[in-house]
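Colleague:
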Ligand code: KE4
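Numbering (the working numbering), first residue to last: 48 to 472.
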């Protein structure tokens, strides 16, 4: 029995599914999860000493690669001053100033401890600011596990095939309206039906939790216009895209400004960090200056801020990182598409910048319904083949591949060869 199998056997006794987050369980791909011992650059090494080229990057945070020396050193240095104070610190001011400097639509920002918290808080701020109750989300988008957002969600919810979570009272989702990603008419209909009741529209500006689904031309611009017309808050959930598509995220990449934006992942560089921010007039409704309550013992934790500040400063001071990363992504996913076509397979490769997904369906994937036409059994077979060959993909058809600055073209060429061999099977 491998160490991972031994550890998994123990884990399932004391942790639901043996994991602290469902997408790690490998349940949907029918394999034993690998228990990871360490990671460096583009590689992770499991408890049995086997190394994998890593396409998870901790689900996005490790854009510069794992175990980056400067980030590691900043964490160690911060630890020497203590781990947490429950009091204001200079690093929180620096982080807030840096985010507001980098993202033009963000005038004020509040740190929290996860993307879930960031989204939950942003939705509450939008409701408090507008005095309205309803929110619009898109089927297949995932915004963390707060009650109101667990409606036809993507990521682990979609992977598990549970359209909505048990344990969420009907009242918690009664004001959550679902629209179709890339379908502006589905949003317009909701606004026409509830012209003065919709507090916010929340969207992944580049969807990455039903696999990668790229916004159609005009989709984001249309959401911006509808929210402005009806006085609703446009929330961009940039937990994945923030500081990934470019230094100013999807807003800079697609040229559409949100009223509120949620962040996570990259801003913590692997430490537990989330944030929400945007228009001053909205954020000043948040306690203690306003009536919208939100709090957190470890929010703005100085060690986590040290990690995030180091990563964001490296990204801000080295724009070439994005040029190289996005060119690498365009090449890699373009090659994947070419190899799939040359193999005569109908599969779809959706990609944008350093994010991409191979969907096992002949249907163009533009929304939740088309993503769900994918053959998840075929994906599982592909996943296990790649894992055996030392390539660690997200263990779900409905997750993205994340490239980092640490992935070399030589290593990626090796993955493309494995894909070509696999498709010949
Ligand atoms: P967290 O609470 O997991 O930090 O963030 C929730 C969240 C919010 N918004 C978006 C767009 C997200 O992608 C996420 C979390 N992403 C998943 C991966 N698709 C996290 C992985 C997991 O659940 O273990």
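Ideal Cβ positions, reconstructed from N, Cα and C, are used throughout, including at glycine.
Could you give the distance in angstroms between the alpha-carbon of residue 164 and the alpha-carbon of residue 468?
Modeller: Those two C-alpha atoms are separated by around 43 Å.
Colleague: Pick from 110, 61, 438, 247: whose alpha carbon is nearest that of residue 287?
Modeller: Residue 287 has its Cα closest to that of 110, out of 110, 61, 438, 247.
Colleague: Would the beta-carbon of residue 280 fall within 7 Å of that of residue 247?
Modeller: Taking 7 Å as the Cβ cut-off, residue 280 and residue 247 qualify as a contacting pair.
Colleague: Could you spell out the range, first to last residue, of the beta strand (DSSP E) harbouring residue 91?
Modeller: That run of the beta strand (DSSP E) goes 90-93.
Colleague: For the alpha helix (DSSP H) that residue 84 lies in, which residues bound it at each end?
Modeller: No alpha helix (DSSP H) holds residue 84; the beta strand (DSSP E) holding it covers 83-87.
Colleague: At what residue ranges does the stretch 329-396 contain a whole run of the alpha helix (DSSP H), taking only runs of 4 or more?
Modeller: Runs of the alpha helix (DSSP H) inside the stretch 329-396: 349-364, 367-389.
Colleague: I need the boundaries of the alpha helix (DSSP H) containing residue 431, first residue and last residue.
Modeller: Residues 423-435.
Colleague: Any chance the stretch 249-259 sits against the stretch 395-406, with 3 or more Cβ pairs inside 8 Å?
Modeller: They touch, by the three-pair rule.
Colleague: Looking only at its chain, what residues have a beta carbon closer than 6 Å to the beta carbon of residue 447, apart from the 5 residues adjacent to it on each side?
Modeller: Taken in chain order, the residues that qualify are 255, 259, 402, 404.
Colleague: Kindly list the residues whose CB is nearer than 7 Å to the CB of residue 297, restricted to its own chain and excluding five residues on each side of it in sequence; keep chain order.
Modeller: The residues are 252, 253, 283, 285, 288.
Colleague: So, using beta-carbon positions, are residue 107 and residue 375 closer together than 7 Å?
Modeller: Their beta carbons are not under 7 Å apart, which means residue 107 does not touch residue 375 by this criterion.
Colleague: Determine the extent of the beta strand (DSSP E) in which residue 110 is found, giving its start and end residues.
Modeller: Note, residue 110: premise wrong, no beta strand (DSSP E); not H, not E.
Colleague: With residue 228 as the anchor, note down where its beta strand (DSSP E) starts and where it stops.
Modeller: Element bounds for residue 228: n/a, residue is neither H nor E.
Colleague: Please say whether residue 234 and residue 196 have beta carbons closer to each other than 7 Å?
Modeller: No, these two residues do not count as a Cβ contact at 7 Å.
Colleague: Helix, strand or coil for residue 167, going by three-state DSSP, please let me know.
Modeller: The answer is helix: DSSP assigns residue 167 an H, G or I state.
Colleague: In whole angstroms, give me the CA-to-CA distance for residue 151 and residue 249.
Modeller: Going by the C-alpha atoms only, they are around 19 Å apart.
Colleague: Between the C-alpha atoms of residue 94 and residue 338, what's the straight-line distance to the nearest angstrom?
Modeller: Their backbone Cα atoms lie some 49 Å apart in a straight line.
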